[in-house]
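Visitor: Got a structure here, written out as structure tokens. Questions coming.
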Amino acid sequence: MKCVTLFVVFSLSLVCHAHAQSDTLQWTILMGGQKSGHFKHLKNADGSFTEWFQFNDRGRGDSTVIHYRLNDRGYMTWMDAKGVDYFKKPIFETFNIQNGIAAWENPVEKEQRKIQGDIVYIPLKMRGGVSYAYFFQTPDHSVNLLPAGREKLTALQEHTLKDGRKMSLVSLSGTGLTPQYVWLDSQRNFFALPSDWFAIVPKGDEGLNEELLVVQKGVEQNYYKDLKTKLARKVSGGLAVTHATLFNPKSGTAQPNSTILIENGTITQVGPGMSVTVPQGFQVVDVQGKFVMPGLWDMHVHYSQGTDGLLHLGNGITNVRDMGNSESLLDEKKQIDEGLVLGPRIQALCGFIDGAGPYAGPTGARINSVEEGIAAVKKYKTMGYTQIKLYSSLKPEWVKPIAAEAHRNGLRVSGHIPAHMLASEAIDAGYDEIQHMNMVFLNFLGKDLDTRTPVRFHAVAQNAASLDLTSAPVQAFIKQLVARKTVIDPTISFFETMFIPTKGKPVPTMAAVVDRLPLDLQREYKSGGALEVPAGMEDTYARSFQNMLRMVKVLHDNGVVIVPGTDDTPGFVLHKELENYVRAGIPNAAVLKIATLQSAMVAGKEKNYGTLEPGKAADIIVIDGNPLTNISDVRKVETVIKGQEIYQTKDLLNAVSIRYFK
């Protein structure tokens, strides 16, 4: 779901050539370096513009057409657009200005407002219709936005391509959480949006993505290095955390008035305050009876440089497992490990393998034979990966030999269940773990479904409600999971957002915090869930989610190991995931263990992480509340201690214009 996190860039800064010199301009959309779509811009005979935006991401992806007009200063005055969104839900958007009144409508908004002067409307559902001309017409290169806000353009760096063309890297700030980076040509028109994951580059110039990205990453890294300097407080000597109500994941209990001593980033002593003497010269953090526990783990992320690290730490997540990414993540991990940029420890990296074809995953190895799969496993091993993630387009008969090679190399095997294969068969073929609860339910819907496509969501939404969790087939499958020690990564909150319609309301994963976000993000998160629920099936979809939630409890009660993953917005959604485990009926103490020690064990890191004991890393969060009695108190993280560094989460969140919880 990494693509979804880029909506701010697409909504405002994607394109446009407002004063194009040719009738049609074209760009290629790259995902993981592979061509996956296009963007086209046409200037019509009547002076209006038409733009087409389309890409394919495993059967998902926007497909839209937008018609619009600009005034002579480059501001949009009229727009009419329609298409489908990332999950193929029909969308539309209209906008116009008449007699000083701006009016707009989309699937969740129908508003009008009196305006004065020029203003930039930000489409909620569409991508395109943007000119950069207006930025250069104001003294400070900033413009007013509709419905709210102000956007500023900053010129950062010039770069001359090998063929002599001159390009400019600029940043846009005022929407989203951190600056967004865009390349303009010598005429100040959009040129490219380079990225490892999702890039937009001129057709015929696809090779420039890498060249421009090197320059851009240098600028981005300096920005995030500066953030680290401002927000991390380095402790040079010993550190003592006193008067802590200390949670022990092993016992599920919390001991009041405890003291933790830390030297060189390692815990040296833990015990009742009366029995632990704080050495002279130690810096003391008196938490005044607040709840202290090991840092949280998110076991399903697709880590991105940018706000990801800050949002994880700002929500008490100190450890993550990346479930598929470009090889550039190795550099990002190195920078975090060396203390150059802030972020959680990336404790495990999964090498992504999928079968080549139109529904192949957006990154990693896309293979055409089992031999290529085995070679990919060996390559990932040499690069330091600890797990292999298999995906939906693999041929079922390839799973067993690829999994065997992974196991020979000491790598875990997990992933989606390949199309036309059952989860039970994948476990027999070598899966150690299954990602996503829908893959569990698909086990009972037969092998005829083409689950490379979004049918893997719709089929479960329409049928999960009727699955009897006490039935013989379900019980047999659970026994298989237990016998094989197969781990389940449910990402259950993701399906609540997909299956429960929330038109005009915040999506469930972000509802608790949406009012703390910048206004443009509030608007986005209130724009509705992912799937188009067929008329009359709202109750079925809702009951399907409830049965998936019940399955989480059934698995836990039967001894199946669960790990908390999100595959969604960093930080905040993990809290929702833990809340949903409690909602399913799992006791609070067990949920906190799942999010700490149990995750560390699955990642093979329990010797150093997961509990607060002598000899383990200082991996500590301070909570103003008691999640043993109210799991939602995990949202009230005040302080994070990561090794020799102390972070105040209020400072982290305020740095990206997110209001603190109090």
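The UniProt record's numbering puts the sequence shown at residues 1 to 662. Glycine included, C-beta positions come from ideal geometry on N, C-alpha and C.
Closer than 6 Å by C-beta to Gly252: which residues in its own chain qualify, once you throw out the five before and the five after it? Chain order, please.
Guide: Ala589
Visitor: Go to Ile478, then tell me how far its alpha helix (DSSP H) extends in each direction, as first and last residue.
Guide: 472-484
Visitor: If you run the structure through DSSP and keep just helix, strand and coil, what is Met383?
Guide: coil
Visitor: Can you give me the Cβ contacts of Ala360 inside the same chain, cut-off strictly under 6 Å, excluding the 5 residues immediately before and after it?
Guide: Asp354, Arg366, Ser393
Visitor: Would you mind reading off the limits of the alpha helix (DSSP H) that contains Asn144?
Guide: Not the alpha helix (DSSP H): Asn144 falls in the beta strand (DSSP E), residues 142-146.
Visitor: Could you tell me the boundaries of the beta strand (DSSP E) in which Arg321 lies?
Guide: 317-322
Visitor: How would you call Gln112, buried or exposed, if buried means at least 16 neighbouring beta carbons within 10 angstroms?
Guide: exposed
Visitor: Considering only residues of the UniProt domain "Amidohydrolase-related" (291-440), which uninterrupted beta strand (DSSP E) runs meet the minimum length of 3 residues and lie entirely inside it, listed in chain order?
Guide: 291-294, 296-301, 317-322, 345-355, 365-367, 387-390, 412-415, 433-435
Visitor: Hey, could you find the ends of the alpha helix (DSSP H) Met601 is sitting in?
Guide: Segment 599-602, the alpha helix (DSSP H) holding Met601.
Visitor: Find the nearest neighbour of Phe49 within the set Arg60, Leu469, Tyr134, Asn71, judged by alpha-carbon distance.
Guide: Asn71
Visitor: Taking 8 Å as the threshold, find out whether the region 41-61 comes into contact with the region 218-231 through three or more Cβ pairs.
Guide: Contact between the region 41-61 and the region 218-231 is absent: fewer than 3 CB-CB pairs across the two stretches fall below 8 Å.
Visitor: If I measure Cβ to Cβ from residue 665 and keep anything under 6 Å in the same chain, skipping five residues before and after, which residues do I get?
Guide: Nothing can be reported for residue 665: it is not among the residues displayed for the chain, which extend from 1 to 662.
Visitor: Buried or exposed: where does Ala465 fall if 16 or more other Cβ atoms within 10 Å of its Cβ makes it buried?
Guide: buried
Visitor: Thinking C-alpha only, which one of Ile200, Asn608, Glu220, Pro147 is nearest Val341?
Guide: Glu220
Visitor: State the beta-bridge partners of Ala192 as determined by DSSP.
Guide: Trp183
Visitor: Count the other C-beta atoms from every protein chain shown that fall within 10 angstroms of the C-beta of Arg165, then say buried if there are 16 or more, exposed otherwise.
Guide: exposed
Visitor: Express the C-alpha separation of Gly504 and Gln475 in angstroms, rounding to a whole number.
Guide: 40 Å
Visitor: Short check: CB of Phe495 to CB of Ala542, under 8 Å?
Guide: no
Visitor: Between the C-alpha atoms of Val15 and Lys225, what's the straight-line distance to the nearest angstrom?
Guide: Here Val15 scores only 42 on pLDDT, less than 50, and its place in the model should not be relied on; the value that follows carries that caveat. About 29 Å.
Visitor: What is the DSSP secondary structure of Glu206, reduced to helix, strand or coil?
Guide: coil
Visitor: Which residue marks the beginning of the alpha helix (DSSP H) containing Ser544, and which one marks its end?
Guide: 538-557
Visitor: Confirm, please, whether the CB-CB distance from Gly273 to His243 is below 8 Å.
Guide: yes
Visitor: With 16 as the cutoff for other CB atoms within 10 Å, does Met537 come out buried or exposed?
Guide: exposed
Visitor: Looking only at C-alpha atoms, which of Lys250, Gln305, Lys607, Phe572 sits nearest to Ile317?
Guide: Phe572
Visitor: Let me check one thing: in DSSP terms, what residues is Glu645 bridge-paired to?
Guide: Partner(s): Lys234, Lys642.
Visitor: Would you mind stating whether Val235 and Thr259 have Cβ atoms separated by less than 8 Å?
Guide: no
Visitor: Using the three-state DSSP reduction, which class does Asn443 fall into: helix, strand or coil?
Guide: It is coil, neither helix nor strand.
Visitor: Using the C-alpha atoms, what's the distance from Val170 back to Gln137?
Guide: About 16 Å.
Visitor: Any idea what DSSP makes of Ser131, helix, strand or coil?
Guide: coil
Visitor: Between residue 674 and Pro249, how many whole angstroms is the CB-CB distance? I'm expecting something under 8 Å.
Guide: Missing from the structure shown is residue 674; the chain here goes from 1 to 662 and no further.
Visitor: Is the closest heavy atom of the ligand FMN to the C-beta of Lys203 under 7 Å?
Guide: Inclusion of the ligand FMN in the displayed structure is not the case, the ligand content being empty and no account of it being possible.
Visitor: In the DSSP assignment, the alpha helix (DSSP H) including Ser275 goes from what residue to what residue?
Guide: Premise fails: Ser275 is in no alpha helix (DSSP H) and is neither H nor E.
Visitor: Can you tell me the Cα-Cα spacing of Phe95 and Leu653, whole angstroms?
Guide: 33 Å
Visitor: The alpha helix (DSSP H) spanning Asp520 covers which residue range?
Guide: 519-525
Visitor: In chain order, what residues of the same chain lie with their CB nearer than 8 Å to the CB of Met439, ignoring the 5 residues before and after it?
Guide: Same-chain partners within the cutoff: His416, Ile417, Ala423, Arg456.
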